[in-house]
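K.L.:
Each residue of the sequence shown is one higher than the one before, starting from 858 at the first, in this note's numbering. No residue lacks a Cβ here, since even glycine has one placed at the ideal position from N, Cα and C.
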Amino acid sequence: MRAFVTGAAGFIGSHLVEELLSRGYEVIGLDDLSTGRMRNLANVADHPSFRMVSGSILDRQLVEELTEGAELVFHLAAAVGAFVIRDKALESLRTNIHGTHNVVDAAYRQGARLLVASTSEIYGKNSKVGLREDDDRVLGSPLKSRWSYAEAKAVDESLVDAYAREFGLRAVIVRLFNTVGPRQTGRYGMVIPRFVRQALDGEPLTVYGTGEQIRCFCHVLDVVPALIGLLYCDAAAGKAVNLGSGQQVTINQLAHKVIEATGSSSRIERSSYLEAYGPGYEDMQRRVPDCTLARELVGFQPARSLDEIIADVIDDQMAARRSVVSLT
Ligand code: UDP
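Printed below as a string of structure tokens:
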């Protein structure tokens, strides 16, 4: 069986590639290395069943070529991270809309099963505890930078839905809620790797807004098997499915947990959203998934706690530091 993975050198993509190879798949990976890193694939770089291609999902011909012969397509490539969306708005829209269209169309022509990674950003400011897949989207103006990512991902979902309904494409959409773990970088905004790096460097942990906003963080190793399971699940075809944890934490609590787990002497420094992200940024105060559908479809049940997630991110960043030191 051959799987084509877009965004293969990214944080989630690289874990997925490893899992697919360990299950005996032949894997072709594509990544433009904008936020992905080849070192994420260090464990599998020489694997005989793995081929990695550096290129963009905006290159329609390349996407078609690489999809040829694939039974499974996992579309994870996207412009992600609050800072990327803010600083490269147009490029992000193009990648997330046109790039996804290329992948969806190629999967359809190939007759492959497709999984498209979407996001909890879809729900916007809907702060209901236990967001279900058919809940309303509550969004600010599309002229506010925060919402352009959600807009693009919503277009992606509608595209997948139209291909599924009109052409019979076998596709599932997954809405990922704050997936974290080893290899995620904080450079583009994600809070846990940022806090861990700051704590390890003895810098202040930068809490934005009141810090009372709530998130649920899910370990990437809980998410990856569910991605594979959902792609094979006939009952999931044509659906959007939430994947996330139900363990709620405020960003203030998170900062304290990271300080404690690292034994850091860092303090906490608050700043406004305006200072952190510039004008036009809004945050959602609470984002909690209801993952009943994923549980019913593939038995999804995250096993790793927030404390384990933090410990794994600390270990990952410590190991990366050790390897830099040993190289110098
Ligand atoms: N956040 C923060 N400090 C940081 C980075 C992020 O307080 O250095 C906040 C951010 O404003 C948001 C939460 O942490 O309220 C989660 O941010 P992230 O970008 O990881 O994910 P998302 O906003 O997509 O949930």
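By how many angstroms is the C-alpha of Gly1103 removed from the C-alpha of Leu1131?
P.N.:
For the purposes of this step, residue 1131 is identified with residue 274 of the sequence shown, where counting begins at 1. For the purposes of this step, residue 1103 is identified with residue 246 of the sequence shown, where counting begins at 1. Approximately 29 angstroms between the Cα atoms of the pair.
K.L.:
Helix, strand or coil for Asn1099 per DSSP?
P.N.:
Numbered from its first residue, the sequence shown carries residue 1099 at position 242. Of the three classes helix, strand and coil, the one that applies to Asn1099 here is strand, per DSSP.
K.L.:
For Val1064, which three-state DSSP category applies?
P.N.:
For this step, residue 1064 is matched to residue 207 along the sequence shown. Looking at Val1064 - three-state DSSP - the assignment turns out to be strand.
K.L.:
Taking 7 angstroms as the cut-off, is the C-beta of Asp1169 nearer than that to any heavy atom in the ligand UDP?
P.N.:
Residue numbering aside, residue 1169 sits at position 312 when the sequence shown is read from its first letter. Incorrect: Asp1169 has no Cβ contact closer than 7 angstroms to the ligand UDP.
K.L.:
Assuming Glu876 contacts Met858 under a Cβ cut-off of 8 angstroms, what Cβ separation, rounded to an integer in Å, is found between them?
P.N.:
Locating residue 876 in the sequence shown gives position 19, counting from the first residue. Locating residue 858 in the sequence shown gives position 1, counting from the first residue. Incorrect: roughly 13 angstroms between the Cβ atoms, too far for contact.
K.L.:
How long is the line joining the alpha carbons of Glu1165 and Gly1038, rounded to whole angstroms?
P.N.:
Taking the first residue of the sequence shown as position 1, residue 1165 is located at position 308. Taking the first residue of the sequence shown as position 1, residue 1038 is located at position 181. C-alpha separation (whole angstroms): 9 angstroms.
K.L.:
Once you ignore the five residues that flank Leu1062 on each side, which residues in its own chain have a CB closer than 6 angstroms to its CB?
P.N.:
Translated into positions along the sequence shown, residue 1062 becomes position 205. Result list for Leu1062: Phe1052, Gln1055, Ala1112, Ser1123 and Ile1125, in chain order.
K.L.:
In or out: Tyr1089 buried (at least 16 other Cβ within 10 Å) or exposed?
P.N.:
The residue you call residue 1089 lines up with position 232 of the sequence shown. Flag for Tyr1089 reads exposed.
K.L.:
With a Cβ-Cβ cutoff of 8 angstroms, do Arg1032 and Val1098 count as a contact?
P.N.:
Stepping through the sequence shown from its first residue, residue 1032 is reached at position 175. Stepping through the sequence shown from its first residue, residue 1098 is reached at position 241. Yes, these two residues count as a Cβ contact at 8 angstroms.
K.L.:
Please report the residue range of the beta strand (DSSP E) in which Gly987 lies.
P.N.:
In the sequence shown, residue 987 corresponds to position 130, counting from 1. It spans Val986 to Leu988 - the beta strand (DSSP E) in which Gly987 sits, taken as one unbroken run.
K.L.:
So, using beta-carbon positions, are Gln1070 and Asp1140 closer together than 8 angstroms?
P.N.:
For the purposes of this step, residue 1070 is taken as the residue at position 213 of the sequence shown. For the purposes of this step, residue 1140 is taken as the residue at position 283 of the sequence shown. Contact flag set, yes.
K.L.:
How is the alpha helix (DSSP H) around Leu873 delimited, first residue to last?
P.N.:
Locating residue 873 in the sequence shown gives position 16, where the first residue counts as 1. Note, Leu873: alpha helix (DSSP H), Phe868 to Ser879.
K.L.:
Secondary structure at Gly956, three-state DSSP: helix, strand or coil?
P.N.:
Numbered from 1 along the sequence shown, position 99 holds the residue referred to as residue 956. Looking at Gly956 - three-state DSSP - the assignment turns out to be helix.
K.L.:
Can you tell me whether Ile914 is helix, strand or coil according to DSSP?
P.N.:
The sequence position of residue 914 within the sequence shown is 57, counting from 1. DSSP places Ile914 in coil when its eight states are reduced to three.
K.L.:
Indicate whether the contact test is met: 3 or more Cβ pairs, each with one atom in the segment 932-950 and one in the segment 863-874, closer than 8 angstroms.
P.N.:
Yes: at least three Cβ pairs fall under 8 angstroms.
K.L.:
Rounding to the nearest angstrom, what Cα-Cα distance links Ala1177 and Leu1078 in this structure?
P.N.:
Position 320 of the sequence shown, counted from the start, is the residue given in the question as residue 1177. Position 221 of the sequence shown, counted from the start, is the residue given in the question as residue 1078. When rounded, the distance between both Cα atoms is 19 angstroms.
K.L.:
Using DSSP with H/G/I as helix, E/B as strand and the rest coil, what is Pro1146?
P.N.:
Within the sequence shown, residue 1146 is the residue found at index 289, counting from 1. Strand at Pro1146.
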